[in-house]
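In my numbering, the protein residues as written are 998 to 1138.
Listed below in structure tokens is the structure:
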């Protein structure tokens, strides 16, 4: 009598391998999503201020700094942190600008030149805000 072979083991293996492959694809897709859409999930006052600087809503930033002064005097430190972020953005844009301009990719170089100018403008505005905050803190102490 001929023996009938079962494909049950092969089917189970195929299901397991398919499941593992699905997990790998999901992880890769999630990593790519995070790589291109990353935003920190912490929003301290300094990070909110830096977001406002990068979104060019400086008027709201200064008003927020003044209202924070009533609650605590850490606004000066938060302003320094926002300055550090602006400097970091400038240095990163400058490196990219140099790379693209040396390689002759003018459209990308122009984009990063704009980012350099924007970060430089933010740094200047934050320096003026820091001076005003120092004056206000000096008056309150």
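The beta carbon of each residue, even a glycine, is placed where N, CA and C say it ideally should be.
Since the structure is predicted, the reported quantities are computational estimates derived from the model, not experimental observations.
Enumerate in chain order the residues of its own chain whose CB-to-CB distance from residue i is below 7 Å, with the five nearest sequence positions on each side excluded.
| i | result |
| --- | --- |
| residue 1098 | 1106 |
Mind checking whether residue i and residue j have CB atoms under 8 Å apart?
| i | j | result |
| --- | --- | --- |
| residue 1113 | residue 1079 | no |
| residue 1116 | residue 1083 | yes |
| residue 1087 | residue 1109 | no |
Rounded to a whole number of angstroms, what is the C-alpha to C-alpha distance between residue i and residue j?
| i | j | result |
| --- | --- | --- |
| residue 1069 | residue 1132 | Because the pLDDT at residue 1069 is just 49, under 50, the model does not fix this residue reliably, and the point stays unresolved. |
| residue 1025 | residue 1101 | 33 Å |
| residue 1015 | residue 1028 | 20 Å |
| residue 1124 | residue 1092 | 23 Å |
| residue 1120 | residue 1104 | 25 Å |
| residue 1122 | residue 1085 | 15 Å |
| residue 1128 | residue 1030 | 40 Å |
| residue 1007 | residue 1013 | 10 Å |
| residue 1005 | residue 1096 | 57 Å |
| residue 1020 | residue 1081 | 39 Å |
| residue 1010 | residue 1018 | 12 Å |
| residue 1022 | residue 1118 | 42 Å |
Alpha helix (DSSP H) runs contained entirely in the segment 1071-1120, provided each spans 4 or more residues: 1072-1099
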